[in-house]
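If you're matching positions, the sequence shown starts at 492 in the numbering used here and goes up one per residue.
We put the CB at the ideal spot given by N, CA and C, even for glycine.
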Amino acid sequence: MGELRPLGEDLTQESRALAQALRELFEGLDVSVRRYAARHRRDPGTFSRYLNGTRLPPWEVIMGIMTDLAEHRGTTVTPEAIEFIRGLHGSAFDSSSSPKHAVEIIEQQLADADHVSRRSSVRGDILGDALLERQNRIANLEVRLSQMEAALTAERERAGQLASAHPDVSELRGERDVLRQEVTRLGNELQAAHEQRDAAEARCDLLERQLAAVEHPAALPAAPPLRMPKVLVVDDQPDNLLAMTAVLETLDQELVTVSSGRDALKALLHHDDFAVIIMDVQMPEMDGYETAAHIKRRPRNRDVPIIFLTAMGVDPEHTARGYAAGAVDYISKPFDPWALRAKVAVFTEIHLERRIGPSEGTASRPSST
Numbered sequence: 492m493g494e495l496r497p498l499g500e501d502l503t504q505e506s507r508a509l510a511q512a513l514r515e516l517f518e519g520l521d522v523s524v525r526r527y528a529a530r531h532r533r534d535p536g537t538f539s540r541y542l543n544g545t546r547l548p549p550w551e552v553i554m555g556i557m558t559d560l561a562e563h564r565g566t567t568v569t570p571e572a573i574e575f576i577r578g579l580h581g582s583a584f585d586s587s588s589s590p591k592h593a594v595e596i597i598e599q600q601l602a603d604a605d606h607v608s609r610r611s612s613v614r615g616d617i618l619g620d621a622l623l624e625r626q627n628r629i630a631n632l633e634v635r636l637s638q639m640e641a642a643l644t645a646e647r648e649r650a651g652q653l654a655s656a657h658p659d660v661s662e663l664r665g666e667r668d669v670l671r672q673e674v675t676r677l678g679n680e681l682q683a684a685h686e687q688r689d690a691a692e693a694r695c696d697l698l699e700r701q702l703a704a705v706e707h708p709a710a711l712p713a714a715p716p717l718r719m720p721k722v723l724v725v726d727d728q729p730d731n732l733l734a735m736t737a738v739l740e741t742l743d744q745e746l747v748t749v750s751s752g753r754d755a756l757k758a759l760l761h762h763d764d765f766a767v768i769i770m771d772v773q774m775p776e777m778d779g780y781e782t783a784a785h786i787k788r789r790p791r792n793r794d795v796p797i798i799f800l801t802a803m804g805v806d807p808e809h810t811a812r813g814y815a816a817g818a819v820d821y822i823s824k825p826f827d828p829w830a831l832r833a834k835v836a837v838f839t840e841i842h843l844e845r846r847i848g849p850s851e852g853t854a855s856r857p858s859s860t
């Protein structure tokens with residue numbers, strides 16, 4: 492990870508041009524890939540792929556390189572340089588976007604969700620067996636204790652006096668208490684495994700609908716005379732807000748855009764009927780995780796699905812934290828417009844189905860054939 496990898500194979504002309512420009516900028520920093528990635532708390536493998544063209548970097552990563560190079564040289568970043576690189580980035584973004592690429596993204600997410608579901612099911616089976624074994628042991632102990640306590644009672648009655656508890660009875664009671672504690676623990680873990688499996692299965696269902704939306708795009712369900720639901724977009728970068736607005740405006744929904752977590756909470760107070768929230772994870776002051784936690788504590792908004800938009804990569808640590816905060820989906824920066832539209836379209840369709848009733852919503856859904 493210390494040296495630049497060769498440019499990737501089968502790159503589009505636009506992706507190759509951007510990668511070559513970024514490599515020239517990066518080489519001017521006179522630092523290894525690993526050290527630069529560590530300096531900015533980024534994954535070195537991901538950063539290396541940015542520089543060899545096999546993964547399109549978020550705009551803030553590019554601006555970071557340009558700013559660091561200017562600081563290294565004691566200069567400033569010129570508007571002309573920014574516009575030149577922005578043009579390369581936009582061209583690379585457009586050339587890499589296609590329904591096929593969106594299908595690949597969502598299929599990978601489906602594979603990940605299916606893996607979680609299967610792993611949770613296996614863990615649930617193991618926990619269920621362990622729980623049943625402890626319960627059987629407790630039942631056997633109860634029988635033995637009942638027999639021993641009956642024998643002790645009879646012995647006391649014959650002796651006409653109170654006898655102290657038999658050491659074996661005390662030992663069996665202690666063993667039973669320990670097993671009861673294990674049953675409680677295993678029961679809690681089993682419930683968590685079932686909840687994780689159910690959540691993963693729900694994600695699989697959503698992702699399959701998203702794949703269908705990409706492969707067979709259709710208009711959103713007609714819902715006259717009801718108004719279309721809104722989409723709340725939260726990102727502290729104006730360029731990202733503009734890009735998402737351009738992508739989503741084709742869905743004919745009202746877009747509410749804000750630049751901070753606090754503004755998102757205010758928007759949810761002043762507006763209603765949101766079908767979905769698209770939220771950047773990395774924001775100053777109040778990040779996406781904290782904002783989502785606040786939203787989920789409000790009865791009025793807790794059921795609005797949240798899609799996290801992240802430049803950190805979709806790894807198990809980040810997704811687990813996001814799902815715990817209340818997110819139902821993820822998409823990586825730079826986002827694929829086809830994938831983003833499919834996700835928003837599906838959540839909007841679900842929202843309309845709930846609002847106008849399952850039978851009516853199903854009847855109004857356009858055919859995908």
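In the structure shown, what three-state DSSP assignment does residue 503 receive?
Assigned with DSSP and collapsed to three states, residue 503 falls in coil, not helix or strand.
Residue 631 classed as buried or exposed, judged by whether at least 16 other C-beta atoms fall within 10 angstroms
Counting the other Cβ atoms within 10 Å of the Cβ of residue 631 gives fewer than 16, which makes it exposed.
In its own chain, which residues sit with a C-beta less than 7 Å from the C-beta of residue 816, not counting the 5 before and 5 after it?
Taking C-beta separations shorter than 7 Å and ignoring five residues to either side along the sequence, the partners of residue 816 in its chain run 780, 783 and 784, following chain order.
Would DSSP call residue 750 helix, strand or coil?
Residue 750: coil per DSSP, three-state reduction.
Say yes only if the C-beta of residue 503 is nearer than 6 Å to one or more non-hydrogen atoms of the ligand FAD, and no if none qualify.
Here there are no bound small molecules, and the ligand FAD is not part of this structure.
Range covered by the alpha helix (DSSP H) that runs through residue 539:
Annotation for residue 539: the continuous alpha helix (DSSP H) segment containing it runs 535-543.
Name, in chain order, the residues that DSSP records as bridge partners for residue 769.
Paired residues: 724 and 798.
Rounded separation between residue 839 and residue 574 - CA only:
Spanning the alpha carbons of residue 839 and residue 574 requires a straight line of approximately 35 Å.
Just to confirm the assignment, what range does the alpha helix (DSSP H) spanning residue 730 have?
Judged by DSSP secondary structure, residue 730 falls within the alpha helix (DSSP H) whose first and last residues are 729-739.
Taking DSSP as the reference, what is the three-state secondary structure of residue 745?
Three-state result, residue 745: strand.
Taking the alpha carbon of residue 626 as the reference point, which residue from 585, 676 and 590 has its own alpha carbon closest?
It is 676.
Could you tell me if residue 539 is buried or exposed, where buried requires 16 or more neighbouring beta carbons within 10 angstroms of its beta carbon?
Looking at its Cβ environment, which holds 16 or more other Cβ atoms inside 10 Å, residue 539 is buried.
Alpha-carbon spacing of residue 830 relative to residue 811, whole angstroms
Between residue 830 and residue 811, the C-alpha separation is close to 21 Å.
For residue 583, tell me which candidate among 507, 543 and 736 has the shortest Cα-Cα distance.
The option with the nearest alpha carbon to residue 583 is 507.
Taking all protein chains shown into account, decide if residue 760 is buried (16 or more other Cβ within 10 angstroms of its Cβ) or exposed.
With fewer than 16 other Cβ atoms within 10 Å, it is exposed.
Nearest by alpha-carbon distance to residue 794: which of 818, 777, 616 and 640 is it?
Closest by alpha carbon: 818.
Grab the span of the alpha helix (DSSP H) containing residue 460 for me, first residue to last.
The structure shown does not extend to residue 460, since the chain spans only 492 to 860, so no value can be given for it.
Taking a contact to mean a Cβ-Cβ separation below 7 Å, would you say residue 800 touches residue 771 in this structure?
Contact flag set, yes.
Are the stretch 670-686 and the stretch 606-619 touching, with three or more C-beta to C-beta distances below 8 Å?
When Cβ pairs closer than 8 Å are counted between the two stretches, the stretch 670-686 is seen to touch the stretch 606-619, the count reaching three or more.
Which word fits residue 494, buried or exposed, when buried means at least 16 other C-beta atoms lie within 10 angstroms of its C-beta?
The residue in question, residue 494, is exposed, as its Cβ has fewer than 16 Cβ neighbours within 10 Å.
Residue 604 to residue 688, Cα distance in whole Å?
Within the model, the alpha-carbon separation for residue 604 versus residue 688 is close to 9 Å.
Beta-carbon separation of residue 774 and residue 752 under 7 Å?
Cβ atoms of residue 774 and residue 752: closer than 7 Å.
Buried or exposed for residue 606, going by 16 or more other Cβ atoms inside 10 Å?
Looking at its Cβ environment, which holds fewer than 16 other Cβ atoms inside 10 Å, residue 606 is exposed.
Classify residue 505: buried if its beta carbon has 16 or more other beta carbons within 10 angstroms, exposed otherwise.
It is buried - the Cβ of residue 505 has at least 16 other Cβ atoms within 10 Å.
Over the uninterrupted alpha helix (DSSP H) stretch that includes residue 840, give me the two end residues.
Annotation for residue 840: the continuous alpha helix (DSSP H) segment containing it runs 828-847.
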